[in-house]
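J.: According to our numbering, the sequence shown is numbered sequentially starting from 2. My questions all concern the structure below.
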Amino acid sequence: MTLVMGIVNVTPDSFSDGGRYARADAAIAHGLQLLADGADLLDVGGESTRPGAERVDPAVERDRVLPVVSALAAAGAVVSVDTMNSQTAVAAVHAGARIVNDVSGGLADDGMFAAVAGTGAELAIGHWRGPSTEMYARADYADVTGEVVAELAARVDAAESAGIPRDRLIVDPGIGFGKRGDQNWMLLSHLPQVVDLGLRVLVGTSRKRFLADALAAAGAGAGAEGVDERRRDLATAVTSVLASADGAWAVRVHDVIATRDALAVARAWREGAAP
Ligand code: PMM
2 MTLVMGIVNV TPDSFSDGGR YARADAAIAH GLQLLADGAD LLDVGGESTR PGAERVDPAV
62 ERDRVLPVVS ALAAAGAVVS VDTMNSQTAV AAVHAGARIV NDVSGGLADD GMFAAVAGTG
122 AELAIGHWRG PSTEMYARAD YADVTGEVVA ELAARVDAAE SAGIPRDRLI VDPGIGFGKR
182 GDQNWMLLSH LPQVVDLGLR VLVGTSRKRF LADALAAAGA GAGAEGVDER RRDLATAVTS
242 VLASADGAWA VRVHDVIATR DALAVARAWR EGAAP
């Protein structure tokens with residue numbers, strides 16, 4: 002059964018900025034709602050990784066995420082912390098996070114693997130080729146799947162050498178990170194090759210631009226800008242079911258209900274009975 006990871010962004014652009022306590026409260030309430038919606042995991046992040054986004058000062062990042070991580074962990078959630086900073090990662094684990102989700106796979110902070118090794122936490126290694134401000138400049142592949150799998154395998158080896166055993170590692174193909182539209186589809190269509198690495202695979206497609214581009218190209222309505230959140234969430238639920246069918250361990254989504262529903266329908270279809 003594929004797990005559903007609900008996204009809790011604690012960034013100024015994700016919640017109206019009524020000050021840090023109001024923002025933490027809003028993020029905690031949102032996380033609790035996602036738990037009630039049936040999320041198996043909650044991913045708390047304080048730095049936007051959208052294309053073009055600037056880096057956030059690690060102290061500001063910690064100020065944003067730590068109260069949210071502790072409150073959600075205290076409420077019984079399995080929390081992951083979405084960070085590329087080793088100090089934030091360690092502080093979040095001390096606050097109750099069980100998983101460190103580093104979209105850069107340890108490349109943004111070369112102390113990340115050693116820091117996580119010492120905590121006993123699990124680590125999700127994302128495929129990444131450089132910061133948001135320059136990620137498209139590096140979206141140059143002869144064979145996107147082969148290169149992503151090889152680069153992930155190298156990061157897994159580095160993590161193991163730094164003292165994190167394989168059973169604490171998760172890999173993520175990094176959809177949208179240093180990949181253009183069709184490179185994402187090519188990679189998703191070969192997801193079993195990522196699964197063949199033999200580790201748990203996390204997939205994050207939620208609301209990403211390549212989904213809106215595909216829907217716009219399919220002809221309904223205006224351009225990608227005209228593809229609203231509802232349609233992106235439906236597309237996310239479909240990609241999540243397909244990722245699940247190909248062996249994904251977990252999918253990272255904004256709309257937990259849509260994806261859980263889609264996974265339940267797919268399961269009933271497969272098993273010939275309602276779940
Ligand atoms: N995508 C984003 C942020 N964090 N973490 C993982 N493991 N995988 C992803 O694909 C991923 C991530 C960017 O999406 P958002 O800004 O909508 O959260």
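Every residue, glycine too, gets a C-beta built ideally from N, C-alpha and C.
Is ILE176 near the ligand PMM - that is, is its Cβ less than 7 Å away from at least one heavy atom of it?
T.: Walking along the sequence shown from the start, residue 176 turns up at place 175. Under cutoff, so the answer is yes.
J.: Hey, would you say the C-beta of ALA125 is under 7 Å away from at least one heavy atom of the ligand PMM?
T.: On the sequence shown, position 124 is the one that residue 125 refers to. Yes - the ligand PMM has a heavy atom lying nearer than 7 Å to the Cβ of ALA125.
J.: Using CA atoms only, rank isn't needed, just tell me which of GLY106, ALA75, ASP256 is closest to GLY131.
T.: Mapped onto the sequence shown, residue 131 falls at position 130. Per the Cα distances, GLY106.
J.: Assuming GLU123 is part of the beta strand (DSSP E), what are its boundary residues?
T.: Residue numbering aside, residue 123 sits at position 122 when the sequence shown is read from its first letter. Where GLU123 is concerned, the enclosing beta strand (DSSP E) stretches over 123 to 127.
J.: Roughly how far, in whole angstroms, is the beta-carbon of VAL252 from the beta-carbon of VAL5, given that I think they are within contact range, below 8 Å?
T.: Residue mapping note: residue 252 aligns to position 251 of the sequence shown, counting from 1. Residue mapping note: residue 5 aligns to position 4 of the sequence shown, counting from 1. Right, their Cβ atoms sit about 6 Å apart.
J.: Starting from SER81 and walking both ways along the alpha helix (DSSP H), at which residues does that stretch end?
T.: Residue 81 sits at position 80 when you count from the first residue of the sequence shown. Run containing SER81: none in the alpha helix (DSSP H); it sits in the beta strand (DSSP E), 80 to 83.
J.: For MET6, does the three-state DSSP call read helix, strand or coil?
T.: Indexing the sequence shown from 1 puts residue 6 at position 5. Strand at MET6.
J.: Nearest to MET85 by alpha carbon, out of SER190, PRO59, ALA76?
T.: Position 84 of the sequence shown holds residue 85. The candidate whose alpha carbon is nearest that of MET85 is PRO59.
J.: Thinking C-alpha only, which one of MET113, ARG99, ARG268 is nearest ALA122?
T.: Taking the first residue of the sequence shown as 1, we reach residue 122 at position 121. With distances taken between Cα atoms, ALA122 lies closest to ARG99.
J.: Considering Cα atoms alone, identify which of VAL257, MET187, SER190 is closest to ALA37.
T.: Sequence index remark: in the sequence shown, residue 37 carries index 36 (1-based). If we check each option's Cα against that of ALA37, VAL257 comes out closest.
J.: Got a sec: does the ligand PMM put a non-hydrogen atom nearer than 7 Å to the Cβ of LEU277?
T.: A query on residue 277 cannot be resolved here, the shown segment of the chain reaching from 2 to 276 and no further.
J.: Any chance the segment 228 to 239 sits against the segment 257 to 269, with 3 or more Cβ pairs inside 8 Å?
T.: Taking 8 Å as the limit for Cβ pairs, the verdict is that the segment 257 to 269 does touch the segment 228 to 239.
J.: With DSSP collapsed to three states, give me the class of ALA93.
T.: Along the sequence shown, read from residue 1 onward, the residue named residue 93 stands at position 92. Looking at ALA93 - three-state DSSP - the assignment turns out to be helix.
J.: Could you tell me which of GLY97, GLY32, GLU161 sits nearest to ILE126, measuring between CA atoms?
T.: The residue given as residue 126 occupies position 125 in the sequence shown. Comparing Cα positions, the closest option is GLU161.
J.: Closer than 8 Å by C-beta to VAL104: which residues in its own chain qualify, once you throw out the five before and the five after it? Chain order, please.
T.: Counting from 1 along the sequence shown, the entry for residue 104 is found at position 103. Closer than 8 Å at Cβ, skipping near neighbours: THR50, ASP83, MET85, GLY127, TRP129, ASP173, GLY175, PHE178.
J.: So, for ALA54: in the same chain, excluding its five sequence neighbours on each side, which residues have a beta-carbon less than 8 Å away from its beta-carbon?
T.: The sequence position of residue 54 within the sequence shown is 53, counting from 1. Closer than 8 Å at Cβ, skipping near neighbours: GLU48, SER133, THR134.
J.: Tell me, please, which residues DSSP counts as bridged to ASP214.
T.: As a working mapping, residue 214 is identified with position 213 in the sequence shown. Partner(s): none; ASP214 has no beta bridge.
J.: Go through its chain and collect everything with a Cβ distance to THR3's Cβ below 8 Å, but skip five positions before and after it.
T.: Indexing the sequence shown from 1 puts residue 3 at position 2. So the list reads SER241, ALA244, SER245, ALA249, TRP250, ALA251, VAL252, LEU264, once near-sequence residues are dropped.
J.: Out of SER87, ALA75, ALA116, state which residue places its alpha-carbon closest to the alpha-carbon of GLY97.
T.: Counting from 1 along the sequence shown, the entry for residue 97 is found at position 96. When each option's Cα is compared against that of GLY97, the closest is ALA75.
J.: So what does ASN102 bridge to, in DSSP terms?
T.: To locate residue 102, count along the sequence shown from 1; it is residue 101. ASN102 pairs with ASP83, ALA125.
J.: Can you tell me which of LEU198, ALA159, PRO276, ASP64 puts its alpha carbon nearest to the alpha carbon of ALA147?
T.: Here the question's residue 147 lines up with position 146 in the sequence shown. The amino acid occupying residue 147 in the given sequence is Gly; Ala does not appear at that position. If we check each option's Cα against that of GLY147, LEU198 comes out closest.
J.: Could you tell me the boundaries of the beta strand (DSSP E) in which ALA251 lies?
T.: As a working mapping, residue 251 is identified with position 250 in the sequence shown. From DSSP, the beta strand (DSSP E) with ALA251 extends over 251 to 254.
J.: Can you tell me whether GLY280 is helix, strand or coil according to DSSP?
T.: Residue 280 lies beyond the range of the chain shown here (2 to 276); nothing can be said about it.
J.: Is VAL70 closer than 8 Å to ALA93 when the C-beta atoms are compared?
T.: Counting from 1 along the sequence shown, the entry for residue 93 is found at position 92. Counting from 1 along the sequence shown, the entry for residue 70 is found at position 69. Yes. Within cutoff.
J.: Can we count THR240 as close to the ligand PMM, meaning its CB is less than 7 Å from some heavy atom?
T.: Residue 240 sits at position 239 when you count from the first residue of the sequence shown. No - the ligand PMM has no heavy atom lying nearer than 7 Å to the Cβ of THR240.
J.: What's the C-alpha gap between TYR22 and MET136?
T.: Numbered from 1 along the sequence shown, position 21 holds the residue referred to as residue 22. Numbered from 1 along the sequence shown, position 135 holds the residue referred to as residue 136. Each residue's alpha carbon lies about 33 Å from the other.
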